[in-house]
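Scroll down for the structure; my scribbles are underneath it.
2 protein chains.
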Amino acid sequence: MPKRRTLPYILLGLIHSNQQMTGYQMMQEFKHEISDFWTASHSQIYPELQRMADDGWIRPLALGKKVASKRNQTYYQVTTTGEQVLTEWLETPLTANDDELFPLKLFFIDDQNSKLLPPLISRQLELSTERRNYLRHRMTTVFPNQTAIQAHYGHYLTLSRGIERESNYVSWLKKLDAEMKR
Amino acid sequence: MPKRRTLPYILLGLIHSNQQMTGYQMMQEFKHEISDFWTASHSQIYPELQRMADDGWIRPLALGKKVASKRNQTYYQVTTTGEQVLTEWLETPLTANDDELFPLKLFFIDDQNSKLLPPLISRQLELSTERRNYLRHRMTTVFPNQTAIQAHYGHYLTLSRGIERESNYVSWLKKLDAEMKR
DNA sequence: GAATACATGTAAGGGGTTACATGATTCT
DNA sequence: AGAATCATGTAACCCCTTACATGTATTC
């Protein structure tokens, strides 16, 4: 479910990871790599870029003063203010309502040795573990016996799947968390 | 990402599974069981129920002609029209853009022997397999060597996680699909 | 020369959240 | 008696999608 004001941070992260980008290029990213966790159309991206430029997070480049190309494309670069804003966002700890931001934030940490990586992962591990435990608890209370399962079989399956999914997530995060500490 | 006109089907499914429900009770459901795949606030639910009643999908009940209780609560029941609409929705095959509806539809199939169950599961298995294969392909093209991984380590991790997640989903669906055919 | 992709901009409308509002019931 | 919960309704606002719109560059 889309959270408020997430798009500008994604655009910031994209530009930062690629040094400089046009709105069109960002639009392409949403079709490939980011599509798993977020989508955005060009009609959303262009106004947002304007706003971010007004706020001083990014700066439009003149493309070598428009000598080499007549294209009406605008490249953007992240300003120092923008870098601070991005880092602050990445540093903000995830909460239980927030945790769908995990893959998004992870996506924008390019350096394997970044100090942002270990806390991000261990926090998500905490949240996923909590969630898995909660789902397990729900299972015992909502479906205490075979009769309950037969009365709402589809519900039972979705809960089973939830536990399976979250367990798999916890395993993956644990492995990664251990690797980080090495 | 919220698709158009999904809430009314969820409400329809909820009322149908529980025979009769009030808006308040539906609101509670969104806090517990359904929260994994969908959320809705009361300010969204009540107007939607009005509209569904206008469309003849559901029917308000007078609560035994309001003798036993002075509570200003309204119970709703699914009409025959509503049942048809719900079944049609459940029967509509999932597409690649649609497939987040899978757990939702699954949730509302109460009967283990429902004819709706096998096609729903086998279709989702198809879609998840496609998705897993696509992600694997992306991995080989985007990260052909160790250098590429080091340049965008976070991106590499999200893609790894995507493959892991989807593989786990495929395994779960395969097992269930096999059980269905027994 | 025509079609497709590149590249950006804006307007209308839908769905959802937050906040404002009101009254009844139950619990302590 | 006061607080918390039950129970519903409505208005403002935000984000996003779909559609309308325009012009350039590349490809066949």
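Chains as they are written, first to last, in numbering that gives the first Met the number 0: chain H, 0 to 181; chain X, 0 to 181. Cβ atoms here follow ideal geometry from the backbone N, Cα and C, with glycine treated the same way.
query: In chain H, what lies closer than 7 Å to A95 of chain X by C-beta?
result: Those do not exist, as A95 of chain X stays about 11 Å from chain H at its closest Cβ, beyond 7 Å.
- prompt: Quick one: any contact between the stretch 143–160 of chain H and the stretch 17–25 of chain X, if contact means 3 or more CB pairs under 8 Å?
  reply: no
message: When you compare the CB positions of Y155 of chain X and F142 of chain X, do they come within less than 9 Å of one another, or not?
response: yes
query: L85 of chain X and L11 of chain X look like a contact to me (Cβ under 8 Å); what is the Cβ gap, rounded to whole Å?
result: 5 Å
message: Check this for me: beta carbons of F29 of chain X and S40 of chain X, under 9 Å apart or not?
response: With a cutoff of 9 Å on beta-carbon distance, F29 of chain X and S40 of chain X are scored as near each other.
field: Integer-rounded CB distance, given that V77 of chain X should sit under 8 Å from I57 of chain X
entry: 6 Å
- prompt: Are the CB atoms of R135 of chain X and I162 of chain X nearer to each other than 9 Å?
  reply: Closer than 9 Å, so yes.
query: Does the count of Cβ pairs from the stretch 110–130 of chain X and the stretch 83–101 of chain X closer than 8 Å reach three?
result: yes
query: Going along the chain, which residues of the stretch 7–24 of chain H sit with their C-beta nearer than 9 Å to a C-beta in chain X?
result: For the stretch 7–24 of chain H, which is checked against every Cβ of chain X, the residues closer than 9 Å are S16.
message: Here's a check: name, in chain order, each residue in its chain whose Cβ is nearer than 6 Å to the Cβ of R131 of chain H, leaving out the five neighbours to either side.
response: E165, S166 and V169
- prompt: Using a threshold of 8 Å, is the CB atom of R164 of chain H nearer than that to any non-hydrogen atom of the ligand NAD?
  reply: Annotation note on the ligand NAD: not contained in the displayed structure, which lists no ligands.
query: Within this structure, are the beta carbons of R160 of chain H and W171 of chain X separated by less than 9 Å?
result: yes
Cβ neighbours of F36 of chain X in the same chain (closer than 8 Å, five flanking residues each side left out): So the qualifying residues of the chain are E99, P102, L103 and F106.
- prompt: Does any C-beta atom of chain X lie closer than 9 Å to the C-beta of H41 of chain H?
  reply: no
task: Give the secondary structure of T78 of chain H by DSSP, where H, G and I count as helix, E and B as strand, and everything else as coil.
output: Annotated three-state conformation of T78 of chain H is coil, per DSSP.
Contacts of E163 of chain H in chain X (Cβ-Cβ under 8 Å): N167 and W171
- prompt: Quick one: does R131 of chain X have its CB under 9 Å from some CB of chain H?
  reply: no
- request: Could you please give me the residues that DSSP links to R58 of chain H through a beta bridge?
  value: H:Q76
- request: Could you confirm whether any beta carbon from chain H is found closer than 9 Å to the beta carbon of T5 of chain X?
  value: Under the 9 Å criterion on CB atoms, T5 of chain X is classed as non-interfacial with respect to chain H.
- prompt: Going along chain H in order, which residues have a C-beta closer than 8 Å to the C-beta of E47 of chain X?
  reply: The premise fails here: E47 of chain X is roughly 17 Å from chain H at the closest Cβ pair, so nothing lies under 8 Å.
E32 of chain H: contacting residues in chain X (beta-carbon distance under 9 Å): R137, V141, H154, T157 and L158
P7 of chain X burial status per 10 Å Cβ neighbour count (16 or more: buried): buried
message: What does the alpha-carbon distance come out to for the pair S16 of chain H and L126 of chain H?
response: Approximately 27 Å between the Cα atoms of the pair.
task: Please list the partners that A150 of chain X has in chain H, where partner means a Cβ-to-Cβ separation under 8 Å.
output: D109
Coil, strand or helix - L119 of chain H by DSSP: helix
- prompt: How big is the Cα-Cα spacing for N144 of chain H and A61 of chain X?
  reply: Looking at the two C-alpha atoms, the distance is approximately 34 Å.
task: Return the residue from the list X:S34, X:T91 and X:P59 that minimises the CA-CA distance to Q185 of chain X.
output: In the structure displayed, chain X extends from 0 to 181; residue 185 of chain X sits before or after that span and is not available.
- request: Flag F29 of chain H as yes if its beta-carbon sits less than 9 Å from any beta-carbon of chain X, otherwise no.
  value: no
- prompt: In chain order, which continuous runs of the alpha helix (DSSP H) of length 4 or greater are located wholly inside the stretch 91–169 of chain H?
  reply: 101–106, 116–141 and 145–150
- prompt: Is T157 of chain H buried or exposed, if buried means 16 or more other CB atoms sit within 10 Å of its CB?
  reply: buried
- request: With DSSP as the reference, label Q18 of chain X as helix, strand or coil.
  value: In the three-state reduction of the DSSP assignment, Q18 of chain X falls in the coil class.
- prompt: For A177 of chain H, does the three-state DSSP call read helix, strand or coil?
  reply: helix
query: Any beta-carbon of chain X closer than 9 Å to the one on P118 of chain H?
result: Contact with chain X is absent for P118 of chain H, since none of that chain's Cβ atoms lies less than 9 Å from the residue's Cβ.
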